[in-house]
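What follows is a set of notes on a single structure, which appears directly below.
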Amino acid sequence: MFKITPNPPGTEPIPHDPALSPQKIKEATDRALDYYLKPEDLAASPHSPRFRPIYLVDPTLNDEALLVEACESLSSAHAMAGSIANSIGGPERKPLLALQQLIMLNELLVNRLLDKLKLPQ
Numbered sequence: 003m004f005k006i007t008p009n010p011p012g013t014e015p016i017p018h019d020p021a022l023s024p025q026k027i028k029e030a031t032d033r034a035l036d037y038y039l040k041p042e043d044l045a046a047s048p049h050s051p052r053f054r055p056i057y058l059v060d061p062t063l064n065d066e067a068l069l070v071e072a073c074e075s076l077s078s079a080h081a082m083a084g085s086i087a088n089s090i091g092g093p094e095r096k097p098l099l100a101l102q103q104l105i106m107l108n109e110l111l112v113n114r115l116l117d118k119l120k121l122p123q
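Heads up, the sequence shown is in this note's numbering, so the first residue is 3 and it goes up one at a time.
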């Protein structure tokens with residue numbers, strides 16, 4: 003019988019290293035899994051049962067990062083309010099335009115604060 007595909011190339015068997023005992027391999031595997039999965043963090047609840055915040059701002063963020071995020075959020079809200087206000091007419095349009103202006107004014111305030119913030123050189 004003729005085979006269409008050739009045989010795979012011959013490989014040499016992997017030499018057995020006596021330094022790699024099954025116990026050492028298991029310990030190394032457990033260390034790697036513990037490092038990446040951190041089972042002790044998963045078992046303990048981060049907050050007490052009566053206080054569980056839904057939204058939590060990272061307390062390690064600096065002022066500049068917080069202001070940049072606020073500015074981006076206000077810019078997105080400004081664009082959305084303008085888009086909605088332009089798509090509708092009648093008496094509903096005026097409150098949306100007022101909301102858009104309020105968002106824009108707050109965006110300007112955050113931008114001014116970002117400009118005044120002295121960054122380390």
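All C-beta atoms in this analysis are idealised placements derived from N, C-alpha and C, irrespective of residue type, glycine included.
Would you mind reading off the limits of the alpha helix (DSSP H) that contains Thr7?
Run containing Thr7: none; DSSP gives neither H nor E here.
So, at 8 Å on beta carbons, what are the nonlocal neighbours of Leu119 in its own chain, with the 5 sequence-adjacent residues on each side left out?
Asp65, Glu66 and Leu69
Within 10 angstroms of its Cβ, does Ala83 collect 16 or more other Cβ (buried), or is it exposed?
buried
Who are the near neighbours of Gln102 in its chain, counting only those whose CB is closer than 8 Å to its CB and skipping five residues on each side?
Annotation for Gln102: His80, Ala83, Gly84 and Ala87 place their beta carbon closer than 8 Å to its own, counting only its chain and skipping 5 residues before and after.
Outcome for Leu39 when other beta-carbon atoms lying within 10 angstroms are tallied against a minimum of 16
exposed
Separation of Thr7 from Pro2, as counted between CA atoms
Not covered by the structure: residue 2. The range shown for the chain is 3 to 123.
Leu104 beta carbon less than 8 Å from that of Cys73:
no
Neighbour-count burial assignment, Leu76, 16 or more Cβ in a 10 Å radius:
Leu76 comes out buried.
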